[in-house]
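**Student:**
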Amino acid sequence: MIFKDPTLNMVERPPGPAQEGPGHHRKFLTSPLIHILSSAFFCIVIVVIAFCLVIYLPDSQNDRTGQCFTMVHKLSPFLGLGALGLCATIPRDGAFALSVPPNSSETAYVDTAFIGFAFEQASFNEYARDNDGTINAFSTNLIDNTMSRTGGTPLIRVGGTSADYGRYVPGQDAVAIPKAEVDNYQNVGNTTIGPGYWELCQNFPNAQYIIQIPLATTNVNETVAWAKSAVEIVGIDKIQAIELGNEPDLYSPNFTEDQDGVSVTLGPPDYQGKFTNETYVRNWTTYAAAVIAGVDLPTEPIFQAFDVAAHVGADIGKTAYVLDTETCFNLGINQDNIIKTVAHHYYQNQAGSAETLATGLMTMSVTHNRLDLHKRRINWLKANRPEIPFILSEVGNSLKKTHTYEYQNRLGSALWQVDFYLYAMAIGVTRINYQQIMHAGYNLWLPVESAGMPAQVFANYYSQPFVADFIGSSGKTTMQKVEFTNAGSETNVAAYVAFEDGAPKRVAITNLHYWNATSSGIDRPSVQVGITVPDGVASVKVYHLSSPDGAGAGAESITYGGSQWTYESVGKEITGVQDDTETIDVMDGVAMVAVNSSEAVLVWL
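This is the structure we're talking about:
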């Protein structure tokens, strides 16, 4: 792999495919002869397996099966299969067929603002401005790079548990207390903001905001003051929604937080106790009515409701029923027609280690099954309140008070994020706001130097331009997940198609099979995907989200479409870092695309 000088080729990238210079494309002709030879190799492997089974298994099935697999492995170099081994070869180096539908079966357009952003209350200060107090151009450029690809308005949520248990202090000069750092945890129950906090919103002039206001407090006047100050300083035209409460299903009379080494209980009488569906609806509607009475708000719906916590581990099943959407609507939570969005939060699990990256984040069935728990409320809203979208307003790949970058921020986690976004999109999630906290390990970027750690772009950021390019800028994109044929029992490779005006335009393929250069011990496997394209398509362009180091790679060796983003480039795109963008000719209506293990590709039709 050849990396060019990162100070070269910095561009402000327009929407759509980057313009590559000569030599940036590699053409691959796919011919029937190649298909036949590939099939022949596969058949030879099957014949060898069958022969071994017939010869060896009658004596000792357990012992002879291993010998059979060993024989196939030894023969693999002669079959053109390298040192992949049987398990890595079938089906990962097999040929999958993917027939792109000529028309979209979906009618709902993907929101150009599908990719949203979220910042913990105190951390927003660091993301919005540099340590010298000026606008943080690094952050603004990274957001602009993503949103310029879709043409959507950046939707930024500010809040979190620290805001729900926080206080607005009109006379406070400091923007937020305490200051967020890489090496400290958000101070729940002891976070305060002053009027200058809302002025930070001016640093992202093209954005709109989801402003979270407290519900955890039993002092409704605090809630009204918080909302009133935000509306007056940010401006109602810049507020997309007002989020009343954060993770109210976790309120408890026994909720405790560590404050400067002291365990403090954040329950009654100052804070709420445990909520049921009934008490949640009663409190939520009471507080919303107080805000409406005390703040100059528009008449159309503006509140975001629920914002239920992610439940992981043994509590995962609660995701399907805690603070149930249908039940709460039937109890009258929206009797005054004030709800604009229904939101939940998502974290996949507790953060693991490099050794558990494959099982924790790179197993598609785990991710898809987790997301499927939201289908009931998504489908209920579509059927009964189609004007109210379902969003995931706070998302991270895993929970941990400290950071575990080798699990939370590597190529493997970036690929998880791509597939997570696309599958969520396919089942009807309308928007995702990805959370960032200075101390978290799953961030997209670190905006300023903090506690000795330099500002930098993290691996997870690379998911953002990929998904943005998949969505496109037409405003008329629909999408659907498309199944492979000839894939056998394959469950860790997925394909998604983006349509514009009903016609297919782009195909995303995610291969989450784990491969790591330093630990896997085999050559990198790949899947050959034969994509049947619409009539008239003569060639396709392929962007790779990958690293030669594999799943455990950090941002320094990751590229998307050959490009990188760094702090040294102030968050602007550096093109031509890696020469891996391909133009593949279509033969007999099929484009053959190779997708490596631990890689995602975006195919432009």
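Sequential numbering from 8 applies to the sequence shown in the working numbering.
The beta carbon of each residue, even a glycine, is placed where N, CA and C say it ideally should be.
Predicted model only: the values in this text are computed from it and were never measured.
So K382 is in the alpha helix (DSSP H); what residue range does that whole segment cover?
**Tutor:** K382 to N391
**Student:** Report the rounded CA-to-CA distance for N404 versus Y204, giving the unit in angstroms.
**Tutor:** The alpha-carbon atoms of N404 and Y204 are separated by roughly 28 Å.
**Student:** Identify every residue that forms a DSSP beta bridge with E589.
**Tutor:** V549
**Student:** What residues in its chain sit with their C-beta under 6 Å from that of T141, if we drop five residues either side in the sequence?
**Tutor:** Closer than 6 Å at the Cβ level, and outside the excluded window around T141, lies no residue.
**Student:** Just list the beta strand (DSSP E) runs in the region 531-582, keeping only unbroken ones of 3 residues or longer that don't cross its boundaries, in chain order.
**Tutor:** 533-539 and 546-553
**Student:** Does the distance from the C-beta atom of A515 to that of A607 stay below 8 Å?
**Tutor:** yes
**Student:** Buried or exposed for Y216, please, with buried defined as at least 16 other CB atoms from any protein chain shown within 10 angstroms of its CB.
**Tutor:** buried
**Student:** By Cβ distance, which residues of its chain are closer than 7 Å to G166, with the 5 residues on each side in sequence left out?
**Tutor:** Q128, Q219, E250 and N253
**Student:** Below 8 Å between beta carbons: does that hold for T225 and Y258?
**Tutor:** no
**Student:** Span of the alpha helix (DSSP H) holding Y414?
**Tutor:** Y412 to Q415
**Student:** Do you know offhand how far A537's Cα is from N499's?
**Tutor:** For the record, residue 537 in the displayed sequence is Gly; it is not Ala. Whole-angstrom Cα-Cα distance: 17 Å.
**Student:** In terms of alpha-carbon separation, which member of D267, M369 and V349 lies closest to N356?
**Tutor:** With distances taken between Cα atoms, N356 lies closest to M369.
**Student:** Which residues mark the beginning and the end of the alpha helix (DSSP H) in which Q424 is found?
**Tutor:** L418 to I434
**Student:** Is the beta carbon of N518 sitting closer than 8 Å to the one on S605?
**Tutor:** Remark: C-beta atoms of N518 and S605 approach each other more closely than 8 Å.
**Student:** Could you give the DSSP three-state label for M154: helix, strand or coil?
**Tutor:** Judged by DSSP in its simplified three-state form, M154 adopts helix.
**Student:** Determine the contact status of A501 and K512, defining contact as a CB-CB distance below 8 Å.
**Tutor:** no
**Student:** For the alpha helix (DSSP H) containing Q471, name the first residue and the last one.
**Tutor:** S470 to I478
**Student:** So, are the CB atoms of F103 and Y441 less than 8 Å apart?
**Tutor:** Taking 8 Å as the Cβ cut-off, F103 and Y441 do not qualify as a contacting pair.
**Student:** Go to I240, then tell me how far its alpha helix (DSSP H) extends in each direction, as first and last residue.
**Tutor:** V227 to V241
**Student:** At which residue ranges does the region 292-328 contain complete beta strand (DSSP E) runs of 3 or more residues, listed in the order of the chain?
**Tutor:** 310-315
**Student:** When DSSP builds the beta bridges, which residues end up paired with W611?
**Tutor:** R513 and K548
**Student:** With DSSP collapsed to three states, give me the class of T437.
**Tutor:** coil
**Student:** Report all residues from its chain with a CB closer than 6 Å to the CB of L105; omit the five preceding and five following residues, and keep chain order.
**Tutor:** F491, A502, V536 and I538
**Student:** In the DSSP assignment, the alpha helix (DSSP H) including E133 goes from what residue to what residue?
**Tutor:** F131 to A135
**Student:** Tell me the DSSP secondary structure of V79 in three-state form.
**Tutor:** Residue placement at V79 cannot be trusted, given a pLDDT of 35 that sits under 50; the coordinates are not used to answer.
**Student:** Near N110, which residues of its chain fall below 6 Å by C-beta distance, leaving aside the five closest residues on each side in sequence?
**Tutor:** G509
**Student:** Do you know how far the Cα of D303 is from the Cα of N416?
**Tutor:** 42 Å
**Student:** Am I right that S169 and V195 are in contact with their C-beta atoms under 8 Å? What's the rounded C-beta distance?
**Tutor:** 5 Å
**Student:** Do three or more CB pairs link the region 361-375 to the region 416-426 at distances below 8 Å?
**Tutor:** Verdict: yes, contact present.
**Student:** Quick check on T366: does DSSP put it in helix, strand or coil?
**Tutor:** helix
**Student:** Please list the terminal residues of the continuous beta strand (DSSP E) segment that includes F615.
**Tutor:** An answer regarding residue 615 cannot be provided, because it is not within the stretch 8 to 612 covered by the chain.
**Student:** Contact between the region 306-316 and the region 261-272 is defined here as three or more beta-carbon pairs at a separation below 8 Å; is this criterion met?
**Tutor:** no
**Student:** Using beta-carbon positions only, say whether I581 and T573 come within less than 8 Å of one another.
**Tutor:** yes
**Student:** Can you give me the C-alpha to C-alpha distance between A181 and F145, rounded to a whole angstrom?
**Tutor:** 23 Å
**Student:** Consult DSSP for H375 and reduce its assignment to one of helix, strand or coil.
**Tutor:** helix
**Student:** Between which two residues does the beta strand (DSSP E) carrying Y354 extend?
**Tutor:** Where Y354 is concerned, the enclosing beta strand (DSSP E) stretches over I346 to Q357.
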